[in-house]
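Colleague: There's a structure below that I have some questions on.
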Amino acid sequence: MRKQLLLAALLLTTVKGFAGSIDYLSQQDAEYFAHPSMTGKIGVSGAYYNPAGTAFMENGTYMQINNQTHLKTYKMKIDGETFKSDKPSPIIPSFQLVHVNNGRSFFFHGGAIAGGGNVAYEGGLGMFKTMENKLNAVLPGNPVTFTGGNTVKGSSYYVTLQGGMAQRINDEWSFAVGVRYVNAERKLRGVGNYSLNIGPLNADPRFDINSERTAQGVTGIFGVDYKPSSKLNFAFRYETETRLNFKTKEKNLHAFQGSFGIFNKIPNPQNPSSTLGQDIAGAVVGDKNVKEWTDGARGKRNLPAMASLGTSYAITEKTTLLASGNYYFIKEAGDTFGAYDDYHNGYEVAVGIDHQLNEKWTLMTGYQYTNTGANKHTYKDTDYALDADMFGLGAKYKYSENLDLMATGATVLYHSATSVTNVKYSKHVYSIGLGATYKFN
22 MRKQLLLAAL LLTTVKGFAG SIDYLSQQDA EYFAHPSMTG KIGVSGAYYN
72 PAGTAFMENG TYMQINNQTH LKTYKMKIDG ETFKSDKPSP IIPSFQLVHV
122 NNGRSFFFHG GAIAGGGNVA YEGGLGMFKT MENKLNAVLP GNPVTFTGGN
172 TVKGSSYYVT LQGGMAQRIN DEWSFAVGVR YVNAERKLRG VGNYSLNIGP
222 LNADPRFDIN SERTAQGVTG IFGVDYKPSS KLNFAFRYET ETRLNFKTKE
272 KNLHAFQGSF GIFNKIPNPQ NPSSTLGQDI AGAVVGDKNV KEWTDGARGK
322 RNLPAMASLG TSYAITEKTT LLASGNYYFI KEAGDTFGAY DDYHNGYEVA
372 VGIDHQLNEK WTLMTGYQYT NTGANKHTYK DTDYALDADM FGLGAKYKYS
422 ENLDLMATGA TVLYHSATSV TNVKYSKHVY SIGLGATYKF N
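Everything in the sequence shown is counted per my numbering, starting at 22 for the first residue and increasing by one.
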């Protein structure tokens with residue numbers, strides 16, 4: 022078990038989506054990339070962003086299908102070495118379905134509520150370098166050197182399906198209740214290579230892991246919409262904490278090949294009650310992320326509760342202003358492995374504009390600032406949630422009376438940051454959204 026823990030520490034990695042906080046992804050349809058301030062809008066996207074507002078839509082059945090494409094560059098630098106992943110996520114689909122009948126609506130949404138797709142870090146991870154110090158602190162004479170790694174691959178998908186009902190109370194107020202099912206899967210596979218030189222002993226320890234973590238959970242959704250006039254709208258949405266108890270399986274675990282196993286029977290001169298092998302493993306057992314990837318490990322990494330407030334205001338017949346904010350209750354979230362221990366609660370603020378050029382075309386643009394609640398004590402190869410600025414632009418085209426088409430794009434500029442272990446993290450993402458909305462007569 023201790024070898025497994027050490028192995029996992031050296032190869033741990035995951036994915037972080039470009040918006041939201043912790044594991045959350047705020048981008049749930051194509052329109053989000055044009056202006057992320059979606060909560061105050063009334064429309065088909067409200068199946069996720071403003072479920073209570075769907076009760077104010079015209080009678081009918083609406084379906085919107087979306088695809089997201091993300092071109093991602095993630096980097097970590099330490100001691101002059103750079104580990105980089107530029108693996109894209111070309112296809113991330115989602116859909117919304119809304120049926121409205123005289124002030125009552127039924128809404129459904131499917132997509133990826135958290136995660137972020139795939140990463141592939143060339144040559145390994147920054148953690149491979151920092152682990153040299155941990156191992157050499159146990160073994161005298163600094164005999165361990167990281168010599169390189171393969172392309173370490175990780176993926177993280179939290180697939181969701183949610184639905185519920187909204188009811189209009191009067192001409193100004195409506196409410197909504199719903200439920201969300203989440204199926205989470207996180208994978209890790211990679212190899213790190215080291216050299217070990219102690220006297221006559223020369224070895225090439227090699228780490229090899231193929232780990233998968235899965236969990237399922239349920240979220241409660243509550244919403245309120247207040248529409249005091251035809252020009253002004255306010256909306257609020259609250260989502261309960263999603264309890265996710267992860268179970269871990271390692272499909273291809275090989276302990277050190279080379280190997281550190283020879284130290285299991287050698288007493289540690291500095292700690293006679295223990296062996297060098299035990300203390301090597303003990304050097305990393307305390308890492309709060311190690312246990313998550315060990316075969317048979319179980320524990321909570323819940324999605325935190327969140328609240329969202331938004332507004333829209335039509336300043337003219339053709340121009341509408343949008344504003345919204347999201348707040349993530351990270352510090353209150355259940356977390357067996359200590360991943361959230363040093364986080365603050367995160368938030369997002371966003372603004373946007375819709376401008377109708379004519380009967381066919383509508384232009385959209387917007388901006389969002391994300392504060393993830395992270396700091397230098399939380400950054401690590403496994404989970405570096407960086408603050409970010411997002412700029413979006415898009416257009417809608419009314420192809421026919423029943424069909425609207427949409428194309429959007431966004432660039433996300435992350436604020437690079439350095440961890441307490443002196444690893445510098447940076448990201449840059451370009452996103453493209455395509456969507457189509459059809460109203461059934």
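Think of the CB as a built atom: it goes at the ideal place given N, C-alpha and C, for glycine as much as any other residue.
(1) Tell me whether the stretch 156-165 and the stretch 228-239 touch, counting them as touching only if at least three CB pairs, one residue from each stretch, are closer than 8 angstroms.
(2) Between 83, 87, 71, 412, which lies nearest to residue 455 when the distance is taken from Cα to Cα?
(3) Applying the criterion that 16 or more other CB atoms from any shown protein chain within 10 Å of the CB defines a buried residue, is residue 260 buried or exposed?
(4) When burial is assigned at 16 or more other CB atoms within 10 Å of the CB, is residue 193 buried or exposed?
(5) Residue 206 and residue 354: beta carbons closer than 8 angstroms?
(6) Using 10 angstroms around the beta-carbon of residue 200, count the other beta-carbons present and answer buried if the total reaches 16, otherwise exposed.
(7) In the DSSP assignment, what are the bridge partners of residue 288?
(8) Leaving out the 5 sequence neighbours to the left and right, which residues in its chain are closer than 7 angstroms to residue 392 when beta-carbon positions are compared?
(9) Which value, in whole angstroms, describes the spacing of the CA atoms of residue 149 and residue 411?
(10) CB residue 139 to CB residue 108, shorter than 8 angstroms?
(11) For residue 398, is the classification buried or exposed, using 16 other Cβ atoms within 10 angstroms of its Cβ as the cut-off for buried?
(12) Output the residue ranges of the beta strand (DSSP E) runs that lie fully inside the stretch 198-275 and measure 3 residues or longer, sorted by chain position.
(13) Using the three-state DSSP reduction, which class does residue 452 fall into: helix, strand or coil?
(14) If you draw a straight line from the alpha carbon of residue 348 to that of residue 70, how long is it in whole angstroms?
(15) How big is the Cα-Cα spacing for residue 97 and residue 390?
(16) Might you give, ordered along the chain, the residues of its own chain that have their beta carbon closer than 6 angstroms to the beta carbon of residue 373, omitting 5 neighbours on each side?
(17) Are residue 269 and residue 216 close, meaning C-beta to C-beta below 8 angstroms?
(18) Runs of 3 residues minimum, wholly inside the stretch 100-166: which ones carry the beta strand (DSSP E) assignment?
(19) Evaluate residue 325 with the Cβ neighbour count: other Cβ atoms within 10 Å of its Cβ, from every protein chain shown; 16 or more gives buried, anything less gives exposed.
(20) Compute the Euclidean distance between the alpha carbons of residue 256 and residue 371, then round it to the nearest angstrom.
(21) Take the Cβ of residue 111 as the centre, count every other Cβ of all protein chains shown within 10 Å, and call the residue buried at 16 or more, exposed below.
(22) Taking 8 angstroms as the threshold (C-beta atoms), are residue 188 and residue 457 in contact?
(23) Quick one: what's residue 460 bridged to in DSSP?
Modeller: With the structure as the only source:
(1) Output reads no: the stretch 228-239 does not touch the stretch 156-165.
(2) Position 434 of the sequence shown, counted from the first residue, corresponds to residue 455. Considering only alpha carbons, the answer is 87.
(3) The residue labelled residue 260 in the question sits at position 239 within the sequence shown. The residue in question, residue 260, is buried, as its Cβ has 16 or more Cβ neighbours within 10 Å.
(4) For the purposes of this step, residue 193 is identified with residue 172 of the sequence shown, where counting begins at 1. With fewer than 16 other Cβ atoms within 10 Å, it is exposed.
(5) Working through the sequence shown from its first residue, we reach residue 206 at position 185. Working through the sequence shown from its first residue, we reach residue 354 at position 333. It is not a contact, given that the beta carbons lie outside the stated cut-off.
(6) As a working mapping, residue 200 is identified with position 179 in the sequence shown. Under the 10 Å beta carbon count, residue 200 is surrounded by fewer than 16 other beta carbons and is classified as exposed.
(7) The residue labelled residue 288 in the question sits at position 267 within the sequence shown. Residue pairing by DSSP puts residue 288 in a beta bridge opposite 296.
(8) Working through the sequence shown from its first residue, we reach residue 392 at position 371. So the list reads 367, 368, 408, once near-sequence residues are dropped.
(9) By one-based count along the sequence shown, residue 149 stands at place 128. By one-based count along the sequence shown, residue 411 stands at place 390. Our two residues, residue 149 and residue 411, have alpha carbons roughly 31 angstroms apart in a direct line.
(10) For the purposes of this step, residue 139 is identified with residue 118 of the sequence shown, where counting begins at 1. For the purposes of this step, residue 108 is identified with residue 87 of the sequence shown, where counting begins at 1. Yes, these two residues count as a Cβ contact at 8 angstroms.
(11) Here residue 398 corresponds to residue number 377 of the sequence shown, with the count starting at 1. Exposed: under 16 other Cβ atoms inside 10 Å.
(12) Complete beta strand (DSSP E) runs here, min 3: 222-224, 227-247, 253-260, 266-271.
(13) For the purposes of this step, residue 452 is taken as the residue at position 431 of the sequence shown. Three-state DSSP puts residue 452 in a strand.
(14) Numbered from 1 along the sequence shown, position 327 holds the residue referred to as residue 348. Numbered from 1 along the sequence shown, position 49 holds the residue referred to as residue 70. When rounded, the distance between both Cα atoms is 14 angstroms.
(15) Counted from its first residue, the sequence shown places residue 97 at position 76. Counted from its first residue, the sequence shown places residue 390 at position 369. Cα to Cα, residue 97 sits roughly 22 angstroms from residue 390.
(16) For the purposes of this step, residue 373 is taken as residue 352 along the sequence shown, with counting starting at 1. Excluding sequence neighbours, residue 373 sits near 56, 58, 343, 387.
(17) Position 248 of the sequence shown holds residue 269. Position 195 of the sequence shown holds residue 216. No Cβ-Cβ contact shorter than 8 angstroms links residue 269 with residue 216.
(18) With a minimum length of 3 residues, the continuous beta strand (DSSP E) runs that stay inside the stretch 100-166 are 102-106, 110-122, 125-142.
(19) Along the sequence shown, read from residue 1 onward, the residue named residue 325 stands at position 304. Residue 325 counts as buried, since no fewer than 16 other beta carbons sit within 10 angstroms of its beta carbon.
(20) For the purposes of this step, residue 256 is identified with residue 235 of the sequence shown, where counting begins at 1. For the purposes of this step, residue 371 is identified with residue 350 of the sequence shown, where counting begins at 1. So the two alpha carbons sit approximately 14 angstroms from each other.
(21) Locating residue 111 in the sequence shown gives position 90, counting from the first residue. Classification of residue 111: exposed, given that the 10 Å Cβ count is below 16.
(22) Position 436 of the sequence shown, counting from 1, holds the residue named residue 457. Position 167 of the sequence shown, counting from 1, holds the residue named residue 188. Judged by beta-carbon spacing, residue 188 lies beyond the 8 angstroms limit of residue 457, meaning their Cβ atoms are not closer than that value.
(23) Translated into positions along the sequence shown, residue 460 becomes position 439. Partner(s): 83.
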